[in-house]
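K.L.:
Dropping a structure here in structure tokens format, bear with me for questions.
2 protein chains.
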Amino acid sequence: MSNLTLLGENAVRAKYKAAMIPTDKKNSVLNKCAEELIKNADAIIAANKLDLDNAVKNGMSDAMQDRLMLNTSRIEGIAEGLRQVASLPDPIGEVLDTFVRPNGMHIEKIRVPMGVIGIIYESRPNVTPDAFSLTFKAGSACILKGGSDCIESNKAIVKVLRDVLSGEGLDPDILQLIEDTDRAVTTEFMKMKEYVDVLIPRGGAGLIRAVVENSNIPVIETGTGNCHVYIDKDADPDMAVNIVFNAKTQRISVCNSCESLVIHSSVKDKILPLIYEKLSEKNVEMRCDERALGVLGDKGSPASNEDFGREYLDYILSVKTVDSVEEAIAHINKYSTHHSETIVTENKESAEKFLNEVDAACVYHNVSTRFTDGFEFGFGAEIGISTQKLHARGPMGLKEITSYKYRIRGNGQTRG
Amino acid sequence: MSNLTLLGENAVRAKYKAAMIPTDKKNSVLNKCAEELIKNADAIIAANKLDLDNAVKNGMSDAMQDRLMLNTSRIEGIAEGLRQVASLPDPIGEVLDTFVRPNGMHIEKIRVPMGVIGIIYESRPNVTPDAFSLTFKAGSACILKGGSDCIESNKAIVKVLRDVLSGEGLDPDILQLIEDTDRAVTTEFMKMKEYVDVLIPRGGAGLIRAVVENSNIPVIETGTGNCHVYIDKDADPDMAVNIVFNAKTQRISVCNSCESLVIHSSVKDKILPLIYEKLSEKNVEMRCDERALGVLGDKGSPASNEDFGREYLDYILSVKTVDSVEEAIAHINKYSTHHSETIVTENKESAEKFLNEVDAACVYHNVSTRFTDGFEFGFGAEIGISTQKLHARGPMGLKEITSYKYRIRGNGQTRG
Numbered sequence: 243m244s245n246l247t248l249l250g251e252n253a254v255r256a257k258y259k260a261a262m263i264p265t266d267k268k269n270s271v272l273n274k275c276a277e278e279l280i281k282n283a284d285a286i287i288a289a290n291k292l293d294l295d296n297a298v299k300n301g302m303s304d305a306m307q308d309r310l311m312l313n314t315s316r317i318e319g320i321a322e323g324l325r326q327v328a329s330l331p332d333p334i335g336e337v338l339d340t341f342v343r344p345n346g347m348h349i350e351k352i353r354v355p356m357g358v359i360g361i362i363y364e365s366r367p368n369v370t371p372d373a374f375s376l377t378f379k380a381g382s383a384c385i386l387k388g389g390s391d392c393i394e395s396n397k398a399i400v401k402v403l404r405d406v407l408s409g410e411g412l413d414p415d416i417l418q419l420i421e422d423t424d425r426a427v428t429t430e431f432m433k434m435k436e437y438v439d440v441l442i443p444r445g446g447a448g449l450i451r452a453v454v455e456n457s458n459i460p461v462i463e464t465g466t467g468n469c470h471v472y473i474d475k476d477a478d479p480d481m482a483v484n485i486v487f488n489a490k491t492q493r494i495s496v497c498n499s500c501e502s503l504v505i506h507s508s509v510k511d512k513i514l515p516l517i518y519e520k521l522s523e524k525n526v527e528m529r530c531d532e533r534a535l536g537v538l539g540d541k542g543s544p545a546s547n548e549d550f551g552r553e554y555l556d557y558i559l560s561v562k563t564v565d566s567v568e569e570a571i572a573h574i575n576k577y578s579t580h581h582s583e584t585i586v587t588e589n590k591e592s593a594e595k596f597l598n599e600v601d602a603a604c605v606y607h608n609v610s611t612r613f614t615d616g617f618e619f620g621f622g623a624e625i626g627i628s629t630q631k632l633h634a635r636g637p638m639g640l641k642e643i644t645s646y647k648y649r650i651r652g653n654g655q656t657r658g
Numbered sequence: 243m244s245n246l247t248l249l250g251e252n253a254v255r256a257k258y259k260a261a262m263i264p265t266d267k268k269n270s271v272l273n274k275c276a277e278e279l280i281k282n283a284d285a286i287i288a289a290n291k292l293d294l295d296n297a298v299k300n301g302m303s304d305a306m307q308d309r310l311m312l313n314t315s316r317i318e319g320i321a322e323g324l325r326q327v328a329s330l331p332d333p334i335g336e337v338l339d340t341f342v343r344p345n346g347m348h349i350e351k352i353r354v355p356m357g358v359i360g361i362i363y364e365s366r367p368n369v370t371p372d373a374f375s376l377t378f379k380a381g382s383a384c385i386l387k388g389g390s391d392c393i394e395s396n397k398a399i400v401k402v403l404r405d406v407l408s409g410e411g412l413d414p415d416i417l418q419l420i421e422d423t424d425r426a427v428t429t430e431f432m433k434m435k436e437y438v439d440v441l442i443p444r445g446g447a448g449l450i451r452a453v454v455e456n457s458n459i460p461v462i463e464t465g466t467g468n469c470h471v472y473i474d475k476d477a478d479p480d481m482a483v484n485i486v487f488n489a490k491t492q493r494i495s496v497c498n499s500c501e502s503l504v505i506h507s508s509v510k511d512k513i514l515p516l517i518y519e520k521l522s523e524k525n526v527e528m529r530c531d532e533r534a535l536g537v538l539g540d541k542g543s544p545a546s547n548e549d550f551g552r553e554y555l556d557y558i559l560s561v562k563t564v565d566s567v568e569e570a571i572a573h574i575n576k577y578s579t580h581h582s583e584t585i586v587t588e589n590k591e592s593a594e595k596f597l598n599e600v601d602a603a604c605v606y607h608n609v610s611t612r613f614t615d616g617f618e619f620g621f622g623a624e625i626g627i628s629t630q631k632l633h634a635r636g637p638m639g640l641k642e643i644t645s646y647k648y649r650i651r652g653n654g655q656t657r658g
């Protein structure tokens, strides 16, 4: 039996126990985890130091090293995250629907845990306690596969959390970490349909593609965002500039940032220069189609067709000119990753058309795309942003990582 | 460009149109389809005759030939099915939730079409109009891949339906059939993630396994059912006998029929002989563990461990003896395909324990497992029974083949 098979069997055993833990107990365990992470901060920071030393050796960029680094204040932040999850309503047991059939069967549709949730992610050791807290509160066991870059940090964090589970009389295998950093093991993990109910990849486009291509477990695809701001002919110019500036530059490396500007031809002469001026504060390069380039001249650079499909995650913005809201919608539906799209307009009719016809998880009117986020939506937590249509779409909080079942009560009904 | 790529591009173009068809129009088109199928019955029956001739040539069993066969009355049944779907409420546009955030964003969660739904199925040409009617009413385009056994029937049916779409001014590519019966084409179809939003296999365990293993499209797994009836120590003996008899024999070849009997040791001496006697009417073989065999003697046959995991779809029933409801739950959770499970008991506490702790789409108390069905649940239609936990579980009607999106309205909100 391979090590992964053992992990799988442990997880299946643990999931039935995880599903039955009462809300109060789950909350007190999460608070205890927060406490113990702070108490054990020194050990965690020491383990993190090993990862950082390796990172330096491997020539990791400063920005990436910063994402990897843990200190006392970051561990306090992690602990606070656990306490917040403890304070959220328990999604499990919610009655979603009840109905009685003519034969007297009483049917209840009830929210239940997913079972075993697998999560594959890169760098950033804070994902480890974060993912555990959400899956645990949602009544599931989890198997985590973090990046090799932060394996020592992850092992230290998971040890603290598993010790709390054991100390509280729970099965520690409710949380398991795959410690083997071999890529072949990750691929094997993706094939563990027999044990894992859903697999959530969190990371770059390459990781997500690999999981989608290789997994036999149902996957929730997360995160790539080629998000558009469309400035309609009836847009308020100041609002348009503010929204583009916020969506493009407020945080450059995230999936809900804007990558492409779509502008109505009748306002391009007026609004494009204002946008250029504002974006200049952050040295944003504007890659323009011919008509937009006609306005900006050598302030812009020419866009290739490829540009309209790119998620830059950088200070670059593609610019496309259209002659109608219909053309804007068609362009966006063609190039979008179906994450977040917004229209800026004072015209109710155009806004409604855009809200209805754009095919994306989150479609906005007069709002920055940056709000596609579990916390901003008030979910109190987030395990990722789904860009697929199956199961969950957009920000995923606790409810989005649950399933349901039917409970049917009768008095001897048989089918005729 | 391969033929499938063209189909994919057609489907994507058609899905945006399908999503915008008003309810009244969808209903009138479905009624028109019903009418035209009846009008064109002769052509459909002639095409079906070609499939039947081939079936005879290929030595298909009489039972399978019967499933394949279409006549006037069966086509009238199909037409009636389309009319029923027309009469169901339109799931699209339903507001599932609304909330306002502290910054004034007004968020609506709204039910939207899935987009492009792929369905792979075997034999039975009635699945073709059935699948079309459900995906169409749910606002999606579909690509159907039926069995090679009924390709001529499918082509004839699809021609009628596409002609109606065109005649009604709609894009006929809302419904497309893959006419190439080469297996390699089916495998290529499973990889069309770029064009297809969800893939639903309907058929035997082998087909479903092939789709799960090969698809890069999100899959909804359907149909395999190793369903249990557990007779508790506090069961009403008459009810127990009736439910076992109904669940096992009322229809032998379906996924919600009972394959395994679990019985409490304290009632086995009394109830097992009654069950044997009743099942004898249908010559059901009872494959028993040692203790059950101790009761039935040579009326039963010995079960191997393998028997407890089998979906017989035949007049065979495995029998397992347990000493508690806890042991019954553990046995069922181990061997179940998580489809439908039932407890027979007059003891409320045991019933609630079973309802809560058994991990299946449908868990019953004092009801036959045979009711796991979209029509029996009152959904008015069914595209299959999901046995996975992602997206939909149990009977899938119109709502279960939709997705959702968020519409967010504001007045210039940006993120700080």
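Chains as they are written, first to last, in this note's numbering: chain B, 243 to 658; chain A, 243 to 658. Don't be surprised by glycine CBs; every beta carbon is placed ideally from N, CA and C.
#1: Chain B partners of residue 373 of chain A, CB-CB under 9 Å?
#2: What in chain B is Cβ-close to residue 440 of chain A, meaning under 8 Å?
#3: Using CA coordinates, which residue listed in B/508, B/547 and B/323 is at the minimum distance from residue 537 of chain B?
#4: Against chain A, does residue 469 of chain B count as a neighbour if the rule is that its beta carbon must be under 8 Å from one of theirs?
#5: Would you kindly work out how many angstroms separate the C-alpha atoms of residue 391 of chain B and residue 315 of chain B, rounded to a whole number?
#6: Looking at the structure shown, is residue 366 of chain B part of a helix, part of a strand, or coil, going by DSSP?
#7: What would DSSP say about residue 640 of chain A, mapped onto helix, strand or coil?
#8: For a cutoff of 8 Å on Cβ pairs, would you count residue 460 of chain B as touching chain A?
#9: Assuming contact is defined by CB atoms lying nearer than 8 Å, are residue 637 of chain B and residue 622 of chain B in contact in what I supplied?
#10: Indicate whether residue 587 of chain A and residue 593 of chain A have their beta-carbon atoms separated by less than 8 Å.
#11: Quick check on residue 635 of chain B - is its C-beta less than 8 Å from some C-beta in chain A?
#12: Suppose contacts are defined by Cβ-Cβ distances below 8 Å. Is residue 517 of chain B in contact with residue 486 of chain B by that definition?
#13: Contact between the stretch 378 to 386 of chain A and the stretch 249 to 266 of chain A: three or more CB pairs below 8 Å?
#14: For residue 221 of chain A, write down the residues that DSSP places opposite it in a beta bridge.
#15: Return the chain-ordered list of same chain residues with a C-beta closer than 6 Å to the C-beta of residue 212 of chain A, the five sequence neighbours on each side being excluded.
#16: Throw me the rounded Cβ distance for the residue 563 of chain A and residue 524 of chain A pair, which I believe falls under 8 Å.
#17: Look at the Cβ atom of residue 468 of chain A, then the Cβ atom of residue 435 of chain A, and state whether they are nearer than 8 Å.
#18: Starting from the Cα of residue 377 of chain B, find the closest Cα among B/364, B/418, B/631 and B/477 and give me that residue.
#19: Kindly indicate which residue of B/451, B/580, B/542 and B/575 has the alpha-carbon position closest to the one of residue 195 of chain B.
#20: Would you decide whether residue 550 of chain A is buried or exposed? Buried here means 16 or more other CB atoms lie within 10 Å of its CB.
#21: Do you know how far the Cα of residue 359 of chain B is from the Cα of residue 283 of chain B?
#22: Can you have a look at residue 535 of chain B and say buried or exposed, based on whether 16 or more other CB atoms are within 10 angstroms of its CB?
#23: Taking the CB atoms as reference points, tell me whether residue 354 of chain A and residue 644 of chain A lie closer together than 8 Å.
#24: So what does DSSP say about residue 293 of chain A, is it helix, strand or coil?
#25: Quick one: list the residues of chain A neighbouring residue 589 of chain B, beta-carbon separation under 8 Å, in chain order.
#26: Looking at the C-beta of residue 649 of chain A, does it have a partner C-beta in chain B at a distance below 8 Å?
#27: What residue range does the beta strand (DSSP E) around residue 267 of chain B cover?
#28: Thinking residue 663 of chain A and residue 415 of chain A are a contact (beta carbons under 8 Å), I'd like their distance in whole angstroms, please.
#29: Taking only beta carbons into account, state which residues of the stretch 316 to 348 of chain A come closer than 7 Å to chain B, listed in chain order.
#30: So, are the CB atoms of residue 489 of chain A and residue 635 of chain A less than 8 Å apart?
#31: Residue 444 of chain A: buried (16+ other C-beta within 10 angstroms of its C-beta) or exposed?
#32: Tell me, please, whether the CB atom of residue 628 of chain B is closer than 8 Å to any CB atom in chain A?
#33: List, in order along the chain, the chain A residues whose C-beta lies closer than 8 Å to that of residue 435 of chain B?
#34: Are the C-beta atoms of residue 606 of chain A and some chain B residue less than 8 Å apart?
#35: Contact criterion: CB-CB distance below 8 Å. Does residue 603 of chain A meet it with respect to chain B?
#36: Rounded to whole angstroms, what is the Cα-Cα separation between residue 403 of chain B and residue 309 of chain B?
P.N.:
A quick look at the data gives this:
#1: As a first step, residue 373 of chain A must be located in the second sequence, where it is residue number 131. Here the premise fails: no neighbours, minimum Cβ distance about 17 Å.
#2: To locate residue 440 of chain A, count along the second sequence from 1; it is residue 198. Residues of chain B passing the Cβ test: 631 and 632.
#3: Translated into the one-based positions of the first sequence, residue 537 of chain B becomes position 295. If we check each option's Cα against that of residue 537 of chain B, B/508 comes out closest.
#4: Stepping through the first sequence from its first residue, residue 469 of chain B is reached at position 227. Cβ-Cβ to chain A under 8 Å: no for residue 469 of chain B.
#5: Indexing the first sequence from 1 puts residue 391 of chain B at position 149. Indexing the first sequence from 1 puts residue 315 of chain B at position 73. Cα to Cα, the separation comes out at about 21 Å.
#6: Within the first sequence, the letter at position 124 stands for residue 366 of chain B. Coil, per DSSP.
#7: In the second sequence, counting from the first residue as 1, residue 640 of chain A sits at position 398. Residue 640 of chain A falls in the coil class under three-state DSSP.
#8: In the first sequence, counting from the first residue as 1, residue 460 of chain B sits at position 218. Yes, because at least one Cβ of chain A sits closer than 8 Å to the Cβ of residue 460 of chain B.
#9: Here the question's residue 637 of chain B lines up with position 395 in the first sequence. Here the question's residue 622 of chain B lines up with position 380 in the first sequence. No, Cβ-Cβ distance for residue 637 of chain B and residue 622 of chain B is not below 8 Å.
#10: Numbered from 1 along the second sequence, position 345 holds the residue referred to as residue 587 of chain A. Numbered from 1 along the second sequence, position 351 holds the residue referred to as residue 593 of chain A. Yes, the Cβ-Cβ distance between residue 587 of chain A and residue 593 of chain A is below 8 Å.
#11: Within the first sequence, the letter at position 393 stands for residue 635 of chain B. Chain A contact via Cβ: present.
#12: For the purposes of this step, residue 517 of chain B is identified with residue 275 of the first sequence, where counting begins at 1. For the purposes of this step, residue 486 of chain B is identified with residue 244 of the first sequence, where counting begins at 1. Yes, Cβ-Cβ distance for residue 517 of chain B and residue 486 of chain B is below 8 Å.
#13: yes
#14: No information on residue 221 of chain A is available, as it lies outside the stretch 243 to 658 that chain A covers here.
#15: Since the first and last residues shown for chain A are 243 and 658, residue 212 of chain A lies out of range.
#16: Counted from its first residue, the second sequence places residue 563 of chain A at position 321. Counted from its first residue, the second sequence places residue 524 of chain A at position 282. About 22 Å; that fails the 8 Å criterion.
#17: Indexing the second sequence from 1 puts residue 468 of chain A at position 226. Indexing the second sequence from 1 puts residue 435 of chain A at position 193. Contact flag unset, no.
#18: Counting from 1 along the first sequence, the entry for residue 377 of chain B is found at position 135. Closest by alpha carbon: B/418.
#19: Because chain B spans 243 through 658 in this model, residue 195 of chain B falls outside it and cannot be assessed.
#20: Along the second sequence, read from residue 1 onward, the residue named residue 550 of chain A stands at position 308. Buried.
#21: Translated into positions along the first sequence, residue 283 of chain B becomes position 41. Translated into positions along the first sequence, residue 359 of chain B becomes position 117. Roughly 27 Å separates the two Cα atoms.
#22: Taking the first residue of the first sequence as position 1, residue 535 of chain B is located at position 293. Buried.
#23: Along the second sequence, read from residue 1 onward, the residue named residue 354 of chain A stands at position 112. Along the second sequence, read from residue 1 onward, the residue named residue 644 of chain A stands at position 402. Yes. Within cutoff.
#24: As a first step, residue 293 of chain A must be located in the second sequence, where it is residue number 51. Residue 293 of chain A: helix per DSSP, three-state reduction.
#25: In the first sequence, counting from the first residue as 1, residue 589 of chain B sits at position 347. Result: empty, since nearest Cβ-Cβ is about 13 Å, beyond 8 Å.
#26: Within the second sequence, the letter at position 407 stands for residue 649 of chain A. Yes, residue 649 of chain A lies at the interface with chain B (some Cβ there is under 8 Å from its Cβ).
#27: The residue labelled residue 267 of chain B in the question sits at position 25 within the first sequence. It is not in any beta strand (DSSP E) - residue 267 of chain B instead sits in the alpha helix (DSSP H) that spans 265 to 281.
#28: The structure shown has nothing for residue 663 of chain A, since chain A only spans 243 to 658.
#29: 341, 343 and 347
#30: Counted from its first residue, the second sequence places residue 489 of chain A at position 247. Counted from its first residue, the second sequence places residue 635 of chain A at position 393. No, they are not a contact pair.
#31: Residue 444 of chain A sits at position 202 when you count from the first residue of the second sequence. With 16 or more Cβ atoms within 10 Å of its Cβ, residue 444 of chain A is classed as buried.
#32: Taking the first sequence and counting its residues from 1, the one referred to as residue 628 of chain B is at position 386. Chain A contact via Cβ: absent.
#33: Numbered from 1 along the first sequence, position 193 holds the residue referred to as residue 435 of chain B. The contacting residues are 454.
#34: Along the second sequence, one-based indexing puts residue 606 of chain A at 364. Residue 606 of chain A counts as touching chain B.
#35: One-based indexing of the second sequence puts residue 603 of chain A at position 361. At least one chain B Cβ lies under 8 Å of residue 603 of chain A.
#36: For this step, residue 403 of chain B is matched to residue 161 along the first sequence. For this step, residue 309 of chain B is matched to residue 67 along the first sequence. Near 21 Å, if we compare the C-alpha coordinates of residue 309 of chain B and residue 403 of chain B.
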